[in-house]
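Working notes, beginning with the structure itself.
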Amino acid sequence: MAIFSVYVVNKAGGLIYQLDSYAPRAEAEKTFSYPLDLLLKLHDERVLVAFGQRDGIRVGHAVLAINGMDVNGKLFAIGSQLSPEQGSSGIEILETDTFKLHCFQTLTGIKFVVLADPRQAGIDSLLRKIYEIYSDFALKNPFYSLEMPIRCELFDQNLKLALEVAEKAGTFGPGS
């Protein structure tokens, strides 16, 4: 399970913070004959190399396709403009097969958006934790100006730590 990205949007709709927390995958195409000298296993709905090494393929590498057939899904971009219902305060959750977009809007109009794996649990608690980190490390920073891009090292560090905890645990605190 993974959290792909975190965005903070000001009340005017401007992006003031972006963190892409996923590591891009390096892909290599290899052809092997049967029997394989690699042991494959299923982990978190991904096929991984569990044992063996050959031609740059190592333990922990993911298998993306076998005989041209995809093993994993692909992340599709949101390509159309979304318009919520009349009187709606906006998007709270947008779910697809490959990701979930979660949005938490504060009373002051700041929006916290998390793009995560659909199986990732506890995102609502994580959004509240991100708001707490924003309050503690951005708003209380005397050098930070409201509505401006967030460039606070402590905010970055604590946000990354919260994302690691949420990804490892699958949840974040009570009420997940």
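This note's numbering runs 3 ahead of the 1-based position in the sequence shown.
By construction, the Cβ of each residue, glycine as well, lies at the ideal position given by its N, Cα and C atoms.
- Under the 10 Å beta carbon count, G112 is surrounded by fewer than 16 other beta carbons and is classified as exposed.
- Between the beta-carbon of N13 and that of I19 there is about 5 Å, and that keeps the pair under the 8 Å contact cut.
- In the three-state reduction of the DSSP assignment, S148 falls in the coil class, being assigned neither a helical nor a strand state.
- Under the three-pair Cβ rule at 8 Å, the stretch 156-174 counts as touching the stretch 136-146.
- Using a Cβ-Cβ distance cut-off of 8 Å, the stretch 151-159 and the stretch 119-131 are not in contact, since fewer than three pairs of beta carbons, one from each stretch, lie closer than that value.
- Secondary structure note for F158: its alpha helix (DSSP H) is the uninterrupted segment 156-172.
- Taking each of F146, F158, R122 in turn and checking the Cα distance to K171, the smallest one comes out for R122.
- The criterion of a C-beta distance shorter than 7 Å is satisfied by V116 and Y10.
- Taking a 10 Å sphere around the C-beta of I136, we find 16 or more other C-beta atoms and assign the residue as buried.
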